[in-house]
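In terms of the numbering used here, the sequence shown is residues 54 to 239.
Think of the CB as a built atom: it goes at the ideal place given N, C-alpha and C, for glycine as much as any other residue.
Please read all numbers here as calculations on a predicted model, not as lab measurements.
I have placed the structure first, in the form of structure tokens, so that the comments after it can refer back to it.
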Amino acid sequence: TEIEPADIKSLLADTFILEQDSRGEAVFRLAGTRLCAIFGRELKGFSFPSLWAPKDQRLVARLANSAFHPGNVIIITFEGWSTQRRRCDFELLLLPLDGVNELPRTLGIATAAEKPFWLGADPVTECTVDTIRVIDPDREPLFLKNRPAVVVPSIVPSADAIAGVGSGQGVRRIRHLVVLDGGREE
Numbered sequence: 054t055e056i057e058p059a060d061i062k063s064l065l066a067d068t069f070i071l072e073q074d075s076r077g078e079a080v081f082r083l084a085g086t087r088l089c090a091i092f093g094r095e096l097k098g099f100s101f102p103s104l105w106a107p108k109d110q111r112l113v114a115r116l117a118n119s120a121f122h123p124g125n126v127i128i129i130t131f132e133g134w135s136t137q138r139r140r141c142d143f144e145l146l147l148l149p150l151d152g153v154n155e156l157p158r159t160l161g162i163a164t165a166a167e168k169p170f171w172l173g174a175d176p177v178t179e180c181t182v183d184t185i186r187v188i189d190p191d192r193e194p195l196f197l198k199n200r201p202a203v204v205v206p207s208i209v210p211s212a213d214a215i216a217g218v219g220s221g222q223g224v225r226r227i228r229h230l231v232v233l234d235g236g237r238e239e
């Protein structure tokens, strides 16, 4: 299916598209304005793994590659460190894009968990990975099989709970609702 930019217009400032260049590296094909402001530069053509701390660059490159080829969904929570050594927590999502006869691409979005006053003014210069999650669409989620079903109580009140409510003065039923008269008296 195709994604129309108008359908995600409120998210466009935080979205980006990565593509695999001729060397096999993930580079930004395009990036939203808010994302570019957070990093203090235009990200188009920029290497995706180079945003990360040296210790995380190989991991991030492998994760991006697994979104390109097997078509995995990748979720990364990370810390962004600014030039003034301020810290902000982020969450990033990579979704594989299916393109025919094109370089492999992935659609991503990165958002800050909170919006500190300095974000966009003090550029984030290095990111460090906190957690990762890889969702393989070809595998059945193991954690759903080994957990018992949880019974969730209904949000609709039982007949016993509202039986006595409808008998008083100033009380009437409208379809499935019980209306209690109240408010101002003139």
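Original post:
Does the region 134-143 come within contact of the region 76-87, defined as at least 3 CB pairs closer than 8 Å?
Top reply: no
Original post:
With a CB to CB cut of under 6 Å and the five nearest residues on each side skipped, what residues in its chain are close to residue 113?
Top reply: For the purposes of this step, residue 113 is taken as the residue at position 60 of the sequence shown. Excluding sequence neighbours, residue 113 sits near 102, 105.
Original post:
Among 177, 162, 232, 91, which has the Cα closest to the Cα of residue 128?
Top reply: Residue 128 sits at position 75 when you count from the first residue of the sequence shown. The shortest Cα separation from residue 128 among 177, 162, 232, 91 belongs to 162.
**OP:** Would you tell me roughly how many angstroms separate the C-alpha atoms of residue 131 and residue 164, rounded to the nearest one?
**Re:** Here the question's residue 131 lines up with position 78 in the sequence shown. Here the question's residue 164 lines up with position 111 in the sequence shown. So the alpha carbons of these two residues sit roughly 10 Å apart.
**OP:** Indicate the three-state DSSP secondary structure (helix, strand or coil) for residue 67 in the structure shown.
**Re:** The residue labelled residue 67 in the question sits at position 14 within the sequence shown. Reduced to three states, the DSSP call for residue 67 is helix.
Original post:
Thinking just about the alpha-carbon of each residue, which of 185, 117, 142, 227 is nearest to the one in residue 80?
Top reply: Taking the sequence shown and counting its residues from 1, one reaches residue 80 at position 27. The option with the nearest alpha carbon to residue 80 is 117.
Subject >> CB-CB length for residue 50 against residue 71, believed under 8 Å >> reply: Absent from the structure is residue 50, since the part of the chain shown begins at 54 and ends at 239.
Subject >> Where residue 162 sits in the DSSP three-state scheme >> reply: Position 109 of the sequence shown, counting from 1, holds the residue named residue 162. DSSP places residue 162 in strand when its eight states are reduced to three.
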